[in-house]
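Beneath this line is the structure, given in structure tokens, with notes to follow.
Residue numbers (this note's numbering), protein chains in the order written: chain A, 3 to 461; chain B, 1228 to 1331.
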């Protein structure tokens, strides 16, 4: 509750500070202050101490799963602003407004992580999406950015329509928007519930860019200003997954026979489409867009297997994926050329940077000792515990092997190819922050329980 | 005179929804596509009200959901118009076929 209220308030504060502070380069400091306030507020949230006493009529439920995710999202956003805050200010003339929109997105993330009612699910997803349509088109003079925001808007609003149709069918059958679906007896009502579940699954698959609803993702991620791609591909995407998991665990957990096989097909399609297409990409930015689709395939295992392992796994996955992707994007923003050739010979010019990028890439590929490996392991383990399908798990393993190819192409370009790639204005603070992110990835891979998962049981 | 019943309203709402989907998929003018999206949202609104009135008349859940959908649709339309104006400035056209920078 604290985070939801304060992030909306801080968004307004950001906009007004744009009026009173003429210096554009101060915007990131206001944003960092806001994120620290939100982290304190989130600490109180975790201990169920609410600063605002309000009757929410059981529409929001602050369980530890969602709250820990909000902590991860806030910390990732803090890392993102510290690493790429200066790049946000360079996108255009409205630095304060961009950060304000980021705070509104965080408000949506807070709602999506704690909704207990389909109305709140709808509002949370929309509050996350609408500021992103604007941020995607933030680079107003760039044709690609305009088109990306147009595509994102069209796809997003269409999926909103599908989600609403799903909600209305559930409402018609049960008469409530609560996540606890009352048992229905009549065959026609049963049909409506099943159709509603499938429509909601399709709409959320749109939002998390799962195949066959992923076609907007590469274009939008490619066209959007790179800083905002970094935010969209990490915090927002994972928040979509948290909403997805909470919906299917809390509301439809008892009806796995209706939707589980559909989700399995979506997982297989996402893994294959994401990984195979990523192999052919020449631009690192576009490769990362496809890699985010293939990672979405793995994260969908958490939706498929509704159990405690899946919940722990998705939290670990969220942390690992956000850290690694934000790190790679932070380096990518500093590069002149976004193609693989643009990374040729980076190891000679910037040995530390090349090493850190390698760690992030290894984590995304799921090499042992990194958090990426353990999160993939948790996902597959959860689906096995849920009696997972053998062909699905074999597909996942094969696709993980394919993904190694395009991730290692980046390492190969940096270490084994001749070139004069260099990152512009890299200061020691930037490098230190990236080192922190890389160390966190390795520590999460070695001690996941002490760092993250134990909190799930303590709180 | 015949009173409209639940099935009449559901029929109209389903028809509007599919007209919206058809328009969204076939039209190439951005304003028309935006109108189609609004048609989809409003058909769902009609559905909410119909279910509220005829199936679950005890509480006003459905009606209140409609109010939120209208508010969100207004916010979306505002953003959409801004995006379309921006695209018009750069392309001198509001036809989606002309927006093809990202195709390759």
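Built from N, CA and C at the ideal position, the CB exists for glycine as well.
In this structure, how does DSSP classify residue i when only helix, strand and coil are distinguished?
i, result
"residue 56 of chain A", "coil"
"residue 117 of chain A", "strand"
"residue 341 of chain A", "strand"
"residue 19 of chain A", "helix"
"residue 1279 of chain B", "helix"
"residue 1331 of chain B", "At residue 1331 of chain B the pLDDT is 49, less than 50, meaning the model places this residue with poor confidence; the figure from the coordinates comes in the next sentence. Note: residue 1331 of chain B maps to coil in three-state DSSP."
"residue 307 of chain A", "coil"
"residue 62 of chain A", "strand"
"residue 211 of chain A", "coil"
"residue 316 of chain A", "helix"
"residue 226 of chain A", "coil"
"residue 388 of chain A", "coil"
"residue 425 of chain A", "strand"
"residue 346 of chain A", "coil"
"residue 1238 of chain B", "helix"
"residue 285 of chain A", "strand"
"residue 96 of chain A", "coil"
"residue 47 of chain A", "helix"
"residue 216 of chain A", "coil"
"residue 185 of chain A", "coil"
"residue 135 of chain A", "helix"
"residue 253 of chain A", "helix"
"residue 462 of chain A", "Shown here, chain A extends from 3 to 461; a query on residue 462 of chain A therefore has no answer."
"residue 323 of chain A", "helix"
"residue 236 of chain A", "helix"
"residue 142 of chain A", "coil"
"residue 368 of chain A", "coil"
"residue 353 of chain A", "helix"
"residue 3 of chain A", "coil"
"residue 1231 of chain B", "coil"
"residue 1284 of chain B", "coil"
"residue 420 of chain A", "coil"
"residue 449 of chain A", "coil"
Pull up the CB-CB distance for residue i and residue j, whole angstroms please, since I reckon it's below 8 Å.
i, j, result
"residue 287 of chain A", "residue 340 of chain A", "5 Å"
"residue 111 of chain A", "residue 75 of chain A", "5 Å"
"residue 70 of chain A", "residue 317 of chain A", "6 Å"
"residue 271 of chain A", "residue 355 of chain A", "Not confirmed; about 36 Å, so no contact."
"residue 104 of chain A", "residue 233 of chain A", "7 Å"
"residue 373 of chain A", "residue 322 of chain A", "3 Å"
"residue 195 of chain A", "residue 172 of chain A", "6 Å"
"residue 470 of chain A", "residue 168 of chain A", "This structure cannot speak to residue 470 of chain A, because chain A is shown only from 3 to 461."
"residue 1 of chain A", "residue 332 of chain A", "An answer regarding residue 1 of chain A cannot be provided, because it is not within the stretch 3 to 461 covered by chain A."
"residue 177 of chain A", "residue 141 of chain A", "With a Cβ gap of about 46 Å, residue 177 of chain A and residue 141 of chain A do not count as contacting."
"residue 1258 of chain B", "residue 1321 of chain B", "6 Å"
"residue 145 of chain A", "residue 1260 of chain B", "No, residue 145 of chain A and residue 1260 of chain B are not in contact; Cβ-Cβ is about 19 Å, not under 8 Å."
Out of the options, point me to the one whose CA is closest to residue i's CA.
i, options, result
"residue 1239 of chain B", "B:1251, B:1288 and B:1272", "B:1272"
"residue 440 of chain A", "A:330, A:215 and A:250", "A:330"
"residue 346 of chain A", "A:364, A:284, A:305 and A:304", "A:284"
"residue 117 of chain A", "A:181, A:97 and A:133", "A:181"
"residue 60 of chain A", "A:119, A:142 and A:407", "A:119"
"residue 450 of chain A", "A:412, A:422, A:434 and A:370", "A:370"
"residue 289 of chain A", "A:230, A:220, A:415 and A:126", "A:220"
"residue 81 of chain A", "A:324, A:366 and A:398", "A:324"
"residue 1243 of chain B", "B:1319, B:1303 and B:1263", "B:1263"
"residue 83 of chain A", "A:67, A:102, A:412 and A:66", "A:102"
"residue 189 of chain A", "A:200, A:72 and A:175", "A:175"
"residue 260 of chain A", "A:238, A:193 and A:398", "A:193"
"residue 469 of chain A", "A:126, A:78 and A:4", "It is not possible to answer for residue 469 of chain A, since the shown part of chain A is limited to 3 through 461."
"residue 359 of chain A", "A:406, A:412 and A:122", "A:412"
On the DSSP bridge list, what partners appear for residue i?
i, result
"residue 1256 of chain B", "B:1322"
"residue 180 of chain A", "A:119"
Kindly confirm or deny that the segment 198 to 217 of chain A and the segment 241 to 256 of chain A touch, where touching means at least three C-beta pairs closer than 8 Å. yes
Count the CB pairs spanning the segment 15 to 35 of chain A and the segment 47 to 65 of chain A that are closer than 8 Å, and state whether there are at least three. no
Counting Cβ pairs closer than 8 Å, one from the segment 305 to 323 of chain A and one from the segment 374 to 384 of chain A, do we hit at least three? yes
Does the structure place the segment 152 to 167 of chain A close enough to the segment 1260 to 1276 of chain B that three or more beta carbon pairs sit under 8 Å? yes
Three or more beta-carbon pairs under 8 Å between the segment 294 to 303 of chain A and the segment 366 to 381 of chain A, yes or no? yes
Between the segment 255 to 266 of chain A and the segment 87 to 95 of chain A, are three or more C-beta pairs nearer than 8 Å? no
Count the CB pairs spanning the segment 144 to 151 of chain A and the segment 1308 to 1326 of chain B that are closer than 8 Å, and state whether there are at least three. yes
Is the segment 35 to 52 of chain A in contact with the segment 3 to 18 of chain A, if contact means three or more CB pairs nearer than 8 Å? yes
Are three or more beta carbon pairs between the segment 129 to 141 of chain A and the segment 1238 to 1256 of chain B nearer than 8 Å? no
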